[in-house]
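Student: Chains as they are written, first to last, in our numbering: chain A, 110 to 733; chain B, 10 to 263.
For each residue, glycine too, the CB sits at the ideal point set by N, CA and C.
Okay, here's the structure, questions in a sec.
Structure (structure tokens):
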């Protein structure tokens, strides 16, 4: 019961909903007319709107003759698909017009009132072709080729009866191109007065050996009217391809052939009444030949820039960098977008010179190309990924992309800006070793790393920012330093000179006396001998004593006052004189003293004299 | 002169606005280091050094601690620089030596040293054992002693004293010359400052001092190199058996 109620409600609401949906739809108001018409032949101009409209205001047909219209027709359709209702409505206003003169004319937009609002249609452009010229049947260009301007060559296959004509033309967009520059080659069929049913698969195309070929999709080709050599033809492009010459020079393109199926009215007389009423046709196949052509390919000029990436055409380049301030081990992406028209497929990926310390990966290339009759165009996006492994400031040099500009006829080099990259130290807790986790992978000197080792702790001693002692702060190589060397040297030299002088003086007195000791002693002995002869005994002893004392004093460099038995003995001992001689010396001295002061001792003068003389002689032989 | 310096320091401190004495900074930096704030500690140690009118041997511990603070932050090249500077001031600092060696084990480049004649190595080691001033003063003192011994030799009566004086003077003069040579060598090292540390992560040495030069070899952060010449922003460096040009801003002199 409840269910039924829902259904009833739904049924009641349905029309309302439908209306609402209709209203919600966009209004489409379009003008349609054939693109090409022929002078003197009527054609139809129609305005279509998808909602009910009124008060259509068509533009004034100044360039065309108004013949009839507007005829209004309506159509609507409703369909249910999987329970969903879709409906469409269409209203068409049709005018019949006729062109007065040839040329290209524009029809301004029309307006229509829908639900109180005015909508405007699109404008229409119509090319008016001249009327067919009377056929020169005798001079019909048959199966030959005639040179046309623009390097277009034509082959005509005349169809015999009813002045029907069908042929295929070979059209090239350019005949003089640079290497790698695209050429559009298309085969176009021209039909007049015959019924072309279809083309068979029996098609012979030239093998475009010296070209890189890029076929163009022709799925939505429409028939066009074209006035050619004074006659109006229905034309259609049957095959179209982009050719990129891969070598220079004159490249010959072979003729092509197409097999067409034509509908030919039966020539035989009709036998029945129905045959007259319905025209009868037979099909006939016909081979249509498209002539060959030549393309002059100019080689690319010399002087290719180093950054030349094989491009020919017209390009622009943009670059984007994901970040310029990152931490180490964070990825940086440089995106290059090459936009343009030309041989996009053959572009080489420009190299990016990442600074040292960047780990780089293969670039990711994304193509978005569109092939149209104008050539190949679109964008190529190249993403370069790199990961900096070490901190620092780096410069990413400009990326250069060189291509050949076919318009200017010279090479162009596009360049990105230079990027400055600031790489900070990578994040991550320093490990126990105080070492960056990222750097670990580089250290492979395993034998040195020990477990649990660390740097030694900081110095926590009291810090006194002491300056240096003024005296100790002598600069190396300064005059103060040399002074420090010079002073002791001068001092030492002075001391040396003084000491030496004194010693020399001392050495002289003693030496002289030493050397003269013997002769002085001998003189004294001579005097003593003389005194003995005069029997002056007292004076004789005195002289003997003086001689021996004087001699020892001089010889041993001991002052006479210090001369006694002890000093003499110790000095002579010091000079390693044998004891016997020392005893003799002492005895001579004591004898002389005794004889002088105690004559009663009875010392014989002759004996003493001889002993003294002997002693002096012996001492003279000794090394003192 | 000293007075002027003092005034200058006082002015500098007044300008800086925070009259923090080096001792205070030192205590604060040590505390920051203990707390694990290595960046703050490094900044304070650097401030002490920047404020110093003249860098003396007393500043060796500051460099040592600065090196530790850098090392803890993973700034290997800065740590090595600080340790090297510490050892310049105080070649006998064992902790600095140990930590420098430890830091050097973390650097990437394993420089196979050129085969140096063992005597030369000894001489260099000997030279680096004492600071410049010590060598210079020992040389001066030994020279004076030599002169005294020579005088003794020349004028002493006692044959033993003369003999001793003679031999001692020979020993002293040799030592004095060695001291002078070491002092001169250190002085040359300090004035030329040819030794430097690579501060950039990776740097490629080139065959000529320009960007287009052929790249010869790669050096990594913390490696010690010898600068021979500087030309147009590039330094001619030698490391081990290798010689090449690298940008000046990728290294710092010790």
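Would you check if the distance between the CB atom of residue 747(A) and the CB atom of residue 174(A) is smaller than 9 Å?
Tutor: Not covered by the structure: residue 747(A). The range shown for chain A is 110 to 733.
Student: Starting from residue 471(A) and walking both ways along the alpha helix (DSSP H), at which residues does that stretch end?
Tutor: From DSSP, residue 471(A) is part of no alpha helix (DSSP H); its letter is neither H nor E.
Student: Starting from the C-beta of residue 125(A), find all residues in its chain whose C-beta is less than 7 Å away, skip the five residues before and the five after it, and write them out in chain order.
Tutor: A caution first: residue 125(A) carries a pLDDT of 46, below 50, which makes its placement in the model unreliable, though a value can still be read off. So no residue of the chain qualifies.
Student: What do you reckon, are the CB atoms on residue 515(A) and residue 287(A) nearer than 9 Å?
Tutor: A Cβ-Cβ contact shorter than 9 Å links residue 515(A) with residue 287(A).
Student: Give the secondary structure of residue 463(A) by DSSP, where H, G and I count as helix, E and B as strand, and everything else as coil.
Tutor: coil
Student: Taking residue 574(A) and residue 31(B) to be in contact with their CB atoms under 8 Å, please state how far apart those CB atoms are, rounded to whole angstroms.
Tutor: 4 Å
Student: What does a CB cutoff of less than 8 Å around residue 481(A) pick up in its chain, not counting 5 residues either side in sequence?
Tutor: 325
Student: Do the region 92 to 103 of chain B and the region 146 to 157 of chain B touch if we need at least three Cβ pairs shorter than 8 Å?
Tutor: no
Student: With a CB to CB cut of under 7 Å and the five nearest residues on each side skipped, what residues in its chain are close to residue 226(B)?
Tutor: 214, 251, 253
Student: Chain A partners of residue 230(B), CB-CB under 8 Å?
Tutor: 499
Student: Measure from the C-beta of residue 657(A) to each C-beta in chain B and report whether the shortest distance is under 9 Å.
Tutor: Chain B, which has no Cβ nearer than 9 Å to the Cβ of residue 657(A), makes this no.
Student: Is there at least one Cβ from chain A nearer than 9 Å to residue 138(B)'s Cβ?
Tutor: It does not: the Cβ of residue 138(B) has no partner Cβ on chain A nearer than 9 Å.
Student: Might you give, ordered along the chain, the residues of its own chain that have their beta carbon closer than 6 Å to the beta carbon of residue 245(B), omitting 5 neighbours on each side?
Tutor: Sequence-distant Cβ neighbours of residue 245(B) in its own chain, meaning closer than 6 Å and more than five residues away, are 237, 238, 254.
Student: Thinking residue 421(A) and residue 451(A) are a contact (beta carbons under 8 Å), I'd like their distance in whole angstroms, please.
Tutor: At roughly 5 Å, the Cβ-Cβ gap stays under 8 Å, so residue 421(A) and residue 451(A) are in contact.
Student: Of all Cβ atoms in chain B, is any one closer than 9 Å to the Cβ of residue 585(A)?
Tutor: yes
Student: Interface residues of chain B around residue 573(A) at Cβ under 8 Å?
Tutor: By Cβ distance, chain B contributes 32, 67.
Student: So with Cβ pairs under 9 Å, would you call residue 180(B) a contact of chain A?
Tutor: So no, residue 180(B) is outside the interface.
Student: Counting C-beta neighbours from all protein chains within 10 Å, is the total for residue 619(A) 16 or more, i.e. buried, or is it exposed?
Tutor: exposed
Student: If you draw a straight line from the alpha carbon of residue 634(A) to that of residue 165(B), how long is it in whole angstroms?
Tutor: In this model, residue 634(A) and residue 165(B) are separated by some 38 Å (Cα to Cα).
Student: Does residue 665(A) have its Cβ less than 9 Å from a Cβ in chain B?
Tutor: no
Student: Pull up the distance between the alpha-carbon of residue 79(A) and that of residue 656(A), whole angstroms please.
Tutor: Lying before the first or after the last residue shown, residue 79(A) is absent from chain A, which here runs from 110 to 733.
Student: Does residue 551(A) have its Cβ less than 9 Å from a Cβ in chain B?
Tutor: Caution applies to residue 551(A), whose pLDDT of 49 falls short of 50 and renders its modelled position unreliable; the model cannot decide the point.
Student: Using 9 Å as the limit for Cβ to Cβ distance, is residue 250(B) near chain A?
Tutor: no
Student: Using CA atoms only, rank isn't needed, just tell me which of 479(A), 443(A), 654(A), 723(A) is closest to residue 761(A).
Tutor: Any question about residue 761(A) goes unanswered here, given that chain A covers just 110 to 733.
Student: Please classify residue 261(B): does DSSP put it in a helix, a strand, or coil?
Tutor: strand
Student: Smallest Cα separation from residue 707(A): which of 569(A), 651(A), 157(A), 667(A)?
Tutor: 651(A)
Student: From the DSSP output, in three-state form, read off residue 336(A) for me.
Tutor: In the three-state DSSP reduction, residue 336(A) falls in the strand class (E or B).
Student: Which of the three DSSP states, helix, strand or coil, is assigned to residue 273(A)?
Tutor: coil
Student: Could you check the C-alpha separation between residue 617(A) and residue 609(A) for me, to the nearest Å?
Tutor: 12 Å
Student: Should residue 238(A) and residue 141(A) be called a contact, given that it needs their Cβ atoms to be closer than 9 Å?
Tutor: no
Student: Could you please tell me which residues of the region 584 to 606 of chain A, in chain order, have their CB closer than 8 Å to any CB of chain B?
Tutor: 585, 586, 590, 593, 594, 597, 598, 600, 601, 604, 605
Student: Ignore the nearest five residues each way along the sequence and tell me which others in residue 501(A)'s own chain have a CB closer than 7 Å to its CB.
Tutor: 532
Student: In three-state terms, what does DSSP make of residue 191(B)?
Tutor: In the structure shown, the three-state DSSP call for residue 191(B) is helix.
Student: Can you tell me which of the three DSSP states residue 417(A) falls into?
Tutor: Strand at residue 417(A).
Student: Compute the Euclidean distance between the alpha carbons of residue 170(A) and residue 180(A), then round it to the nearest angstrom.
Tutor: 16 Å
Student: On the criterion of 16 or more Cβ atoms from any shown chain inside 10 Å, does residue 142(B) qualify as buried, or is it exposed?
Tutor: Burial call: buried.
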